[in-house]
Every structure is written in structure tokens, then in C-alpha cells.
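Read left to right, the sequence shown gives residues 239 to 640 (my numbering). Just so you know, even glycine gets a beta-carbon here, dropped at the ideal spot from N, CA and C. Take a look at the structure set out below.
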Amino acid sequence: MAGIYIHIPFCKKKCIYCNFYSIMNTKRMEEYVETLIKEFKVQGLGFKEKLEVRSQKSEVRSQKYISPAGGGLRGWINSKINTLYFGGGTPSLLPVNLLEKILNALYENFEVADDAESTIEANPEQCSLEYLKELKRLGFNRISIGIQSFNDDVLQFLGRTHSGKDTSLAIENARKAGFENISIDLIYGIDLRSLQDWTQELKTAFGLPVKHLSAYSLTVEENTLLHKKISQQKMPNIDEEQSLQEMMMLMNEAEKNGFIHYEVSNFALKDYHSKHNSNYWNGTPYLGFGAAAHSFTGKTRSWNISNVDKYIQAVNENKPYYEMEHLTFDEQYNEYVLLRLRTKEGIDLKRLEDCFGKEKKEYFLESLQKINPQYYKHQFQYVTITKEGLTLLDFITENLLI
Ligand code: SF4
């Protein structure tokens, strides 16, 4: 298995909390798409032709490229693409003809599995029935709608460009357009919203015909308007207590509604977990295209230039447009522990030992002794984080890394 991520770095307006790479100027959108297609060709490099040859050699190569999830380069080399993900930025700002161009080029350069999960992120205000029907026609089978809140005051505070009304219409249109696999995003830990209002938001969310929910606490990232306002004391800092309380409320409500808490920020009905994002947490290789996109092969991580103009120029002039780092053995171990602790399945001690050796497994078990046992569960060969532990995940993880 392997995934492909396409970054669409255009937004209508910058939200106050956002530090993802995105720009408001859409003048170079078409050129950007042409450049993406060029990047597919550079990275694809006869991917389809090589797939067959490489799979014949795979048994020999696999010895070298073992990865925690049994993926790594071996998975990359042998596999078809099983997930496509258009994220941003705001992919739904792209007109249908440009999305179609990208998809055609993707299918030309890569071997995409027939049953691949194909997701596009969309903002509610662009979710007209007509547009969503076109997305469906193009082959997207999963839509992730950036709702964040149903409350107009909260949306305005966050700097979003949609209203509470747009959110319900977006879901309705997605259903009418034929999307069955719908995900929504929510943000919690917002000072101006009371716990009662949060209860109401959760009720609304779980009353919708959605199969997946991602929820993030509002965090103060550098280079954001939120950071600036808080530093200038024009806004109160995040109330961590409130945030934790809201996270617990969310976990309880999700459980009541049959949603599986499969990753710290993600909840899904059975069989509706995000396959693409699960690739990240499983250590499966993925290739990212576009400005600021990241790629991971199991042993290397690379990231494209975070600047649309420079990205377009570099790719078109055949100049380096990404940086790459080779992960040391310890870094690979840290990556495995860090990502797996976020998931419901947790750390598989047998796999940990197979991939990193007995010594590392013992190191992990020794470090675990520093953690209060109410925050984790060690059962058979698995170590998972409890509900209480999830609220302290950063602290716990820190103690388990090398
Ligand atoms: S729409 Fe999304 S990517 Fe764009 S600024 Fe807002 S949060 Fe960031």
C-alpha cells in the first residue's frame, strides 16, 4: 500500500489559528496545476513500468527495507496507490476542469488501485450540489468538510468564511450528490463557547449523516493571528482545563453514538476510518505533491518548498525543489512509538522487537515504568493509551522516546 497527497495551497482568507502553508492569491492556480502534473512525471518516472520488475525482486529487497508496518520502501515498490488525498489549503477552490486535469495525470503516471480511497477536503461555502456532483463524477468517494463549528459566533471568531447555515446545506448536498463517506472537522477549546454550547455542537454533529469526525483542540501556533492577539493580550490564552473537559465530552458522546476513537483526533463508524491518514500512523509510504507537501518512504522524509512561486520555478527549471532527510535508526524508532501511541491499536511489542530489536523493546518497557499505570494498558503484546492518558499524550510520549 502507498498513498498520494496533493497539496492545494489556496484559501479565500487566512483563519486566525492556521499555520498551514496557504496563500490568498489564486492568480497562478492554473500554472500551479501544470507544475503539479510536471512533478508527477518527475516522481512517477515510469512508476507503472517499474512496478512489475520491482515486484519480482521484492523478496530480496524486502530484507533491507523492513518497516514497522511491514511497508517502508518494500511497500512503496510493490504497491499500487491505495489512497489519494487532496488537502490544503482549500482544494474545493479549484474549478472542476483543473481537478480533472490533476486526476487524469495522476492516473497516467501511477498505478492507482480500483478500490482506492479518494478524498477531497472541501469548505462548506463551496459545497453547492452542482459542484459536489462533479466531484463525485471525477471519482472522489470520500469528502472531508471543514465545518469546525455550527455556531456563527465561533465561526466568525475563527475567521472562517462560512456560516452555520452553510454547514448543514453542505452535508445535505454531499448526500444528494451521492457521497456516502462524509467526514467533518470540528475545533474545541474555544473560550467564547460555553460547555453547554459545546454539548449542543456535539449533538448536532452526531445527528448528521456523517461517518467520520476529526476534532482538534484550538492551539496557538506561531505566525498566526491568534498567536499575535494573545501575545498582545488582546485575547485570553487557551483555557487548557476547558479544552480537556471538552475533549472528554467529545470522547463520551462519540462512544454513545457508536463512533470508534481510532486515533487521538479521529473518530469513525466501523469500517469508515480514513485509510489515507491511517497510512501515516502505520508508517506506510506516501508521496506528497505540491508546495509544502511532505513525503515519507519509511527511511527518508522529504518536504517540498513552502512557496508557490519558488515551487513553480524550481520544478519547471528542473532545479531542486525539496529537501530530504534520512532517518537514523533511533529516529525511526521514535517515529514508530510517537505515531502508534496515537492509535487505538497502540504499540505492538512483537513488531517493535522485529523492527528495532530486543534492546529497544526493553528500553520501551523500562521507560513505560515512569508512566502512571492509569494512563496506559499493557495487555498481551499490546500497549495502548487509556482515555485519561489521551489527555496527557504529549507528556507520556516524551517519556518514551530516545
Ligand atoms: S481554510 Fe483551512 S487551510 Fe485555509 S486558512 Fe483556514 S484552516 Fe488554514
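{"Check": "Closest by C-alpha distance to Trp373, when choosing among Asn347, Glu346 and Asn411", "Outcome": "One detail in the question is off: residue 373 reads as Leu in this sequence, not Trp. The residue with the shortest Cα to Cα distance from Leu373 is Asn411."}
{"Check": "Inter-residue Cα distance where the pair is Gln612 and Lys467", "Outcome": "37 Å"}
{"Check": "Within the stretch 309-353, ranges of the beta strand (DSSP E) (whole runs, at least 3 residues)", "Outcome": "319-326"}
{"Check": "Beta-carbon contacts of His511 that lie in its chain and below 6 Å, excluding the five residues immediately before and after", "Outcome": "Tyr500"}
{"Check": "Extent of the continuous alpha helix (DSSP H) to which Asn490 belongs", "Outcome": "Glu478 to Lys494"}
{"Check": "Reference Ser260, options Tyr560, Cys249, Tyr270 and Cys253, closest by Cα", "Outcome": "Cys249"}
{"Check": "The stretch 544-553 contacting the stretch 466-482, beta-carbon criterion three pairs below 8 Å", "Outcome": "no"}
{"Check": "Cys365 CB to nearest heavy atom of the ligand SF4 below 7 Å", "Outcome": "no"}
{"Check": "Residue from Gln386, Asn342, Arg266 and Gln434 with nearest C-alpha to Arg375", "Outcome": "Asn342"}
{"Check": "Span separating the alpha-carbon of Gly445 from that of Ile640", "Outcome": "43 Å"}
{"Check": "Bridge partner(s) assigned by DSSP for Asp423", "Outcome": "Ser452"}
{"Check": "Thr328 CB to nearest heavy atom of the ligand SF4 below 7 Å", "Outcome": "yes"}
{"Check": "Closer than 7 Å: Ser260 CB and nearest the ligand SF4 heavy atom", "Outcome": "yes"}
{"Check": "Inter-residue CB distance, Leu577 and Tyr518 (contact presumed, cutoff 8 Å)", "Outcome": "7 Å"}
{"Check": "Ser540, enclosing beta strand (DSSP E) - first and last residue", "Outcome": "Thr538 to Asn542"}
{"Check": "Alpha helix (DSSP H) segments (min. 4 residues) lying fully within the stretch 530-616", "Outcome": "546-554, 567-579, 587-594 and 596-606"}
{"Check": "Expected contact under 8 Å - CB spacing of Lys279 and Asn347 to nearest Å", "Outcome": "6 Å"}
{"Check": "Minimum C-alpha distance to Ile340 - residue among Lys615, Glu418, Glu636 and Glu272", "Outcome": "Glu272"}
{"Check": "Lys441: CB within 7 Å of a non-hydrogen atom of the ligand SF4", "Outcome": "no"}
{"Check": "Between the CA atoms of Met487 and Asp568 - distance to the nearest angstrom", "Outcome": "36 Å"}
{"Check": "Residues that DSSP places opposite Cys525 in a beta bridge", "Outcome": "Looking at the sequence provided, one finds Leu at residue 525 rather than Cys. Answer by DSSP bridge pairing, in chain order: Ile242."}
{"Check": "Entirely enclosed beta strand (DSSP E) segments - the stretch 356-396, minimum 3 residues", "Outcome": "380-386"}
{"Check": "CB contact below 8 Å: Leu482 versus chain C", "Outcome": "The structure shown has no chain C; it contains just one protein chain."}
{"Check": "beta-carbon Lys467 near the ligand SF4 non-hydrogen atom, thresh 7 Å", "Outcome": "no"}
{"Check": "Collapsed DSSP secondary structure at Ile623 in the structure displayed", "Outcome": "strand"}
{"Check": "Distance, Asn554 Cα to Gly427 Cα", "Outcome": "43 Å"}
{"Check": "Gly384 CB to nearest heavy atom of the ligand SF4 below 7 Å", "Outcome": "yes"}
{"Check": "Glu272 - DSSP class collapsed to helix/strand/coil", "Outcome": "helix"}
{"Check": "Span of the beta strand (DSSP E) around Tyr500", "Outcome": "Ile498 to Glu501"}
{"Check": "Classification of Phe326 by the beta-carbon crowding that lies within 10 angstroms, buried from 16 upward", "Outcome": "Note that residue 326 is Gly in the sequence shown, not Phe. Label assigned to Gly326: buried."}
{"Check": "CB of Met239 within 8 Å of CB of Ser366, strictly", "Outcome": "no"}
{"Check": "Beta-carbon gap between Thr321 and Glu349 smaller than 8 Å", "Outcome": "no"}
{"Check": "Extent of the continuous alpha helix (DSSP H) to which Ala408 belongs", "Outcome": "Gly402 to Lys414"}
{"Check": "In DSSP terms, what Phe505 is bridged to", "Outcome": "Leu451 and His499"}
{"Check": "Candidates Leu628, Pro447 and Tyr614, of which the one nearest Thr622 by Cα", "Outcome": "Tyr614"}
{"Check": "heavy atom of the ligand SF4 below 7 Å from Cys593 C-beta", "Outcome": "no"}
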